[in-house]
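S.K.: Take this structure first; my questions come after.
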Amino acid sequence: GNSVTQMEGPVTLSEEAFLTINCTYTATGYPSLFWYVQYPGEGLQLLLKATKADDKGSNKGFEATYRKETTSFHLEKGSVQVSDSAVYFCALTGGYQKVTFGTGTKLQVIP
Amino acid sequence: GAVVSQHPSWVICKSGTSVKIECRSLDFQATTMFWYRQFPKQSLMLMATSNEGSKATYEQGVEKDKFLINHASLTLSTLTVTSAHPEDSSFYICSAISMAAGSDTQYFGPGTRLTVL
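The listed protein sequences correspond, in order, to chains A and B. Mapped onto this note's numbering, the consecutive letters of the first sequence carry residue numbers 2 to 112. Mapped onto this note's numbering, the consecutive letters of the second sequence carry residue numbers 6 to 122.
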């Protein structure tokens, strides 16, 4: 079946540091890939998505590139802010529109 | 666009009572909605897939008689936790797929925190 593996957190960074959260996946066919963000006490918000190989999703300074050869979709941001502190979920959509989530990575940005 | 709301945002109830949670797509129609459960510091666990006008499809291990799902319209799905017990306390999140935006992007509600005393 489909699966998503992302790096365990928590990840603690200083403000303006570079962020990478690794995500790899296993899936049949050609899934769409997503990053969702969850702020404390809230639901999930779609951060970015990519639907085919070599696509780059971007939003709010975050980027991720769909790498089929390495089955990866790593999340990056050049300069994080305190307001980026949240839990980030990598996910994919396979058959029947079901979403498979990674376990989530908590990011804490300190001033 | 693509906003999903949930009501209530939090609820506290006594053991043995039933609780209904609503999930609405505010600015789009959704033939398919999903219900998830999230335990503290964990990922989301899919409970069921709700299709408008038909019976919900439950994931393995989810009691369909305990978690009643009704998808009465293209903008509303409800989850009723029947005879709730403390172990049902959790964060329940719904999502919906927008027909207009394509078939593979789920938009999530803000979640409902259920506490059963």
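The beta-carbon is built from N, C-alpha and C at its ideal position, and this holds for glycine as well.
Does DSSP put residue 81 (chain A) in a helix, in a strand, or in coil?
M.R.: As a working mapping, residue 81 (chain A) is identified with position 80 in the first sequence. In the structure shown, residue 81 (chain A) sits in coil (DSSP, three-state: anything other than H, G, I, E or B).
S.K.: What are the residues of the segment 45-59 of chain A that lie near chain B, defined by any Cβ-Cβ distance shorter than 8 Å?
M.R.: Against chain B - using a Cβ distance shorter than 8 Å - the residues of the segment 45-59 of chain A are 45, 46, 47, 50, 52.
S.K.: Would residue 26 (chain B) pass as an interface residue toward chain A - the criterion being a Cβ-Cβ separation below 8 Å?
M.R.: Numbered from its first residue, the second sequence carries residue 26 (chain B) at position 21. No, its Cβ sits nowhere closer than 8 Å to a Cβ of chain A.
S.K.: What whole-angstrom Cβ distance do residue 3 (chain A) and residue 27 (chain A) have, given they're in contact under 8 Å?
M.R.: Taking the first sequence and counting its residues from 1, one reaches residue 3 (chain A) at position 2. Taking the first sequence and counting its residues from 1, one reaches residue 27 (chain A) at position 26. Going by Cβ atoms, the distance from residue 3 (chain A) to residue 27 (chain A) rounds to 6 Å, so yes, they are a contact pair.
S.K.: In the DSSP assignment, what are the bridge partners of residue 53 (chain B)?
M.R.: As a working note, residue 53 (chain B) is residue 48 in the second sequence. According to DSSP, which records beta bridges pairwise, residue 53 (chain B) is partnered with B:40, B:63.
S.K.: Between which two residues does the beta strand (DSSP E) holding residue 75 (chain B) run?
M.R.: As a first step, residue 75 (chain B) is located in the second sequence; it is residue number 70 there, counting from the start. Element bounds for residue 75 (chain B): 72-78.
S.K.: Span of the beta strand (DSSP E) holding residue 57 (chain A)?
M.R.: Counting from 1 along the first sequence, the entry for residue 57 (chain A) is found at position 56. Taken as a continuous stretch (DSSP letters only), the beta strand (DSSP E) holding residue 57 (chain A) covers 57-60.
S.K.: Out of B:85, B:102, B:58, B:42, state which residue places its alpha-carbon closest to the alpha-carbon of residue 52 (chain B).
M.R.: As a working note, residue 52 (chain B) is residue 47 in the second sequence. Ranking the options by Cα distance to residue 52 (chain B), first place goes to B:42.
S.K.: Please list the partners that residue 109 (chain A) has in chain B, where partner means a Cβ-to-Cβ separation under 9 Å.
M.R.: Numbered from 1 along the first sequence, position 108 holds the residue referred to as residue 109 (chain A). Ordered by position in chain B, no residue passes the 9 Å Cβ test against residue 109 (chain A), which lies about 13 Å from the chain.
S.K.: In the segment 19-49 of chain A, which residues sit with their C-beta less than 9 Å from some C-beta in chain B, listed in chain order?
M.R.: Cβ contacts with chain B come from 32, 33, 35, 37, 39, 42, 43, 44, 45, 46, 47.
S.K.: Using alpha carbons as the reference points, say which of A:93, A:60, A:62 lies closest to residue 52 (chain A).
M.R.: Position 51 of the first sequence, counted from the first residue, corresponds to residue 52 (chain A). The shortest Cα separation from residue 52 (chain A) among A:93, A:60, A:62 belongs to A:93.
S.K.: Our contact map puts residue 65 (chain A) next to residue 76 (chain A) with C-beta atoms below 8 Å; I'd like the distance itself, whole angstroms only.
M.R.: Mapped onto the first sequence, residue 65 (chain A) falls at position 64. Mapped onto the first sequence, residue 76 (chain A) falls at position 75. Contact holds; Cβ gap of about 5 Å.
S.K.: In three-state DSSP terms, what is residue 17 (chain A)?
M.R.: Start at 1 with the first residue of the first sequence, and residue 17 (chain A) comes out as number 16. DSSP places residue 17 (chain A) in coil when its eight states are reduced to three.
S.K.: Determine which residues share a DSSP beta bridge with residue 39 (chain A) and list them.
M.R.: Indexing the first sequence from 1 puts residue 39 (chain A) at position 38. DSSP lists A:45, A:88 as partners of residue 39 (chain A).
S.K.: Using DSSP with H/G/I as helix, E/B as strand and the rest coil, what is residue 9 (chain A)?
M.R.: Here residue 9 (chain A) refers to the residue found at position 8 of the first sequence. In the structure shown, residue 9 (chain A) sits in coil (DSSP, three-state: anything other than H, G, I, E or B).
S.K.: Please report the distance separating the alpha-carbon of residue 87 (chain B) from that of residue 120 (chain B).
M.R.: By one-based count along the second sequence, residue 87 (chain B) stands at place 82. By one-based count along the second sequence, residue 120 (chain B) stands at place 115. In a straight line, the C-alpha of residue 87 (chain B) is about 13 Å away from that of residue 120 (chain B).
S.K.: Beta-carbon of residue 69 (chain A) versus every beta-carbon of chain B: anything under 8 Å?
M.R.: Against the first sequence, residue 69 (chain A) aligns to sequence position 68. It does not: the Cβ of residue 69 (chain A) has no partner Cβ on chain B nearer than 8 Å.
S.K.: Ordered along the chain, which non-local residues of its own chain (more than five positions away) have a Cβ less than 7 Å from that of residue 90 (chain B)?
M.R.: Residue 90 (chain B) sits at position 85 when you count from the first residue of the second sequence. The answer, listed in chain order, is 20, 121.
S.K.: How should residue 44 (chain B) be labelled, buried or exposed, when 16 other C-beta atoms within 10 angstroms of its C-beta is the threshold for buried?
M.R.: Numbered from 1 along the second sequence, position 39 holds the residue referred to as residue 44 (chain B). Exposed.
S.K.: State yes or no: is the beta carbon of residue 99 (chain A) nearer than 8 Å to at least one beta carbon in chain B?
M.R.: Locating residue 99 (chain A) in the first sequence gives position 98, counting from the first residue. Output row for residue 99 (chain A): interface = yes.
S.K.: Quick check on residue 59 (chain B): buried or exposed, where buried means 16 or more other Cβ atoms within 10 Å of its Cβ?
M.R.: Sequence index remark: in the second sequence, residue 59 (chain B) carries index 54 (1-based). Residue 59 (chain B) comes out exposed.
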